[in-house]
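Enquirer: Got a structure here, written out as structure tokens. Questions coming.
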Amino acid sequence: MKLPETFYTGTDVVQIARNLLGKYLFTRLDGVTTGGIIVETEAYNGVTDKASHAYGNRRTARTETMYAHGGVAYVYLCYGIHEMFNVVTSAAGQPHAVLIRAIEPAEGIDTMLYRRNMSLVQPNLTAGPGSVGKALGISRKLNGMSLQSDVLWIEEREKYYTDEEIKAGPRIGVAYAGEDALLPYRFFVKGNIYVSKPNR
DNA sequence: TGAAGGATGATCT
DNA sequence: GATCATCCTTCAA
Numbered sequence: 000m001k002l003p004e005t006f007y008t009g010t011d012v013v014q015i016a017r018n019l020l021g022k023y024l025f026t027r028l029d030g031v032t033t034g035g036i037i038v039e040t041e042a043y044n045g046v047t048d049k050a051s052h053a054y055g056n057r058r059t060a061r062t063e064t065m066y067a068h069g070g071v072a073y074v075y076l077c078y079g080i081h082e083m084f085n086v087v088t089s090a091a092g093q094p095h096a097v098l099i100r101a102i103e104p105a106e107g108i109d110t111m112l113y114r115r116n117m118s119l120v121q122p123n124l125t126a127g128p129g130s131v132g133k134a135l136g137i138s139r140k141l142n143g144m145s146l147q148s149d150v151l152w153i154e155e156r157e158k159y160y161t162d163e164e165i166k167a168g169p170r171i172g173v174a175y176a177g178e179d180a181l182l183p184y185r186f187f188v189k190g191n192i193y194v195s196k197p198n199r
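For the first sequence, the tail end lands on 199 under numbering that gives the first Met the number 0, and the numbers increase by one without skipping.
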């Protein structure tokens with residue numbers, strides 16, 4: 000079952016980031032479906048969050064996608080190399096987003112290995128936002144695409160993590176954000192080998 | 001028109 | 001642990 004529009008239009012992006020753990024993220028490109036279980040996310044909480052691209056209500060060609068209504072993809076390039084996939088949440092005009100940092104491979108593993116130029120399944124196949132983007136074939140062409148589409152979507156299945164299995168902590172790579180860098184907006188499954196960086 | 005820097009990952013030592 | 005690849009976005013002039 001695809002997550003309904005209402006899952007994404009909630010106003011608490013931090014809560015949505017937590018609730019995305021255990022959901023299944025898929026892409027279907029050239030007739031091949033690839034995807035896995037979301038095990039690590041980060042929330043970017045609107046115009047007051049110094050770590051967000053939309054801090055201070057900054058609206059540019061790039062950030063415009065974050066101002067869309069919840070339930071579309073925000074894809075951008077980082078360090079000139081990595082395509083990052085985010086889920087836009089909340090109402091139109093509220094630039095909230097959740098960065099998907101890691102998934103546990105579940106479907107289309109051969110294709111993901113090929114895209115990553117790997118021969119064996121190892122944790123770094125889909126650990127880290129750049130790796131997730133590459134393994135799933137996500138590019139900036141998918142920026143702004145609806146998550147109700149048949150190209151890019153998130154499903155709810157019989158998979159739930161309890162609060163005991165989940166840990167929150169400060170976000171990765173946002174030292175420039177001052178005190179906001181300390182906010183516990185990163186969520187991950189404790190001990191899961193596909194989680195990037197510290198996973199306990 | 002240009003310069004600075006980045007929500008990272010792979011590959012070294 | 002340190003370095004580097006690599007290029008788009010942003011902002012200043």
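Note that the Cβ used here is the ideal one computed from N, Cα and C, for glycine as well.
Between the alpha carbons of C77 and Y54, how many angstroms are there, rounded?
Expert: Sequence index remark: in the first sequence, residue 77 carries index 78 (1-based). Sequence index remark: in the first sequence, residue 54 carries index 55 (1-based). Approximately 17 angstroms between the Cα atoms of the pair.
Enquirer: With DSSP as the reference, label E39 as helix, strand or coil.
Expert: On the first sequence, residue 39 is found 40 positions in, with the first residue counted as 1. E39: strand per DSSP, three-state reduction.
Enquirer: Have a look at L2 and G177 and give me their C-alpha separation to the nearest angstrom.
Expert: Within the first sequence, the letter at position 3 stands for residue 2. Within the first sequence, the letter at position 178 stands for residue 177. Distance between the alpha carbons of L2 and G177: 34 angstroms.
Enquirer: Could you check where the beta strand (DSSP E) with Q18 kicks off and where it finishes?
Expert: Counted from its first residue, the first sequence places residue 18 at position 19. For the record, residue 18 in the displayed sequence is Asn; it is not Gln. Not the beta strand (DSSP E): N18 falls in the alpha helix (DSSP H), residues 12–18.
Enquirer: For M83, I'd like the list of residues in its chain whose CB is within less than 8 angstroms of its CB, leaving aside the five on either flank, ordered along the chain.
Expert: Numbered from its first residue, the first sequence carries residue 83 at position 84. So the list reads V74, Y75, L76, C77, L98, P128, G129, G132, once near-sequence residues are dropped.
Enquirer: Which of the three DSSP states is assigned to N198 in this structure?
Expert: Within the first sequence, the letter at position 199 stands for residue 198. In the structure shown, N198 sits in coil (DSSP, three-state: anything other than H, G, I, E or B).
Enquirer: In the DSSP output, which residue or residues are listed as bridge partners for M144?
Expert: What you label residue 144 is simply residue 145 of the first sequence in a count that begins at 1. For M144, which the question treats as bridged, DSSP gives no partner whatsoever.
Enquirer: Does the region 170–187 come close enough to the region 48–62 that 3 or more CB-CB pairs lie under 8 angstroms?
Expert: A contact exists between the region 48–62 and the region 170–187.
Enquirer: Locate the beta strand (DSSP E) running through P104, then write down its first and last residues.
Expert: If you number the first sequence from 1, residue 104 lands on position 105. Run containing P104: 95–106, per the beta strand (DSSP E) assignment.
Enquirer: Please return the same chain residues whose Cβ sits closer than 7 angstroms to the Cβ of L151, not counting the five positions on each side in sequence.
Expert: Start at 1 with the first residue of the first sequence, and residue 151 comes out as number 152. Once the five neighbours on either side are set aside, the close Cβ partners of L151 are T26, A72, L141, M144.
Enquirer: Under 8 angstroms: do the region 33–44 and the region 8–19 share three or more Cβ pairs, one atom per stretch?
Expert: Verdict: yes, contact present.
Enquirer: What separation, rounded to the nearest whole angstrom, lies between the Cα atoms of N123 and L28?
Expert: By 1-based counting over the first sequence, the position of residue 123 is 124. By 1-based counting over the first sequence, the position of residue 28 is 29. If I take the Cα positions, the gap works out to 22 angstroms.
Enquirer: According to the Cβ coordinates, are A91 and A60 closer than 8 angstroms?
Expert: Mapped onto the first sequence, residue 91 falls at position 92. Mapped onto the first sequence, residue 60 falls at position 61. Not closer than 8 angstroms, so no.
Enquirer: Would DSSP call Y75 helix, strand or coil?
Expert: Taking the first residue of the first sequence as position 1, residue 75 is located at position 76. Residue state, collapsed to three classes: strand.
Enquirer: Hey, could you find the ends of the alpha helix (DSSP H) Y7 is sitting in?
Expert: Within the first sequence, the letter at position 8 stands for residue 7. Its alpha helix (DSSP H) spans residues 4–7.
Enquirer: Buried or exposed: Q121, going by 16 or more other Cβ atoms within 10 Å of its Cβ?
Expert: The residue you call residue 121 lines up with position 122 of the first sequence. Under this definition Q121 is an exposed residue.
Enquirer: Could you tell me the distance, in whole angstroms, from the CA atom of V31 to the CA atom of L135?
Expert: Along the first sequence, read from residue 1 onward, the residue named residue 31 stands at position 32. Along the first sequence, read from residue 1 onward, the residue named residue 135 stands at position 136. Going by the C-alpha atoms only, they are around 10 angstroms apart.
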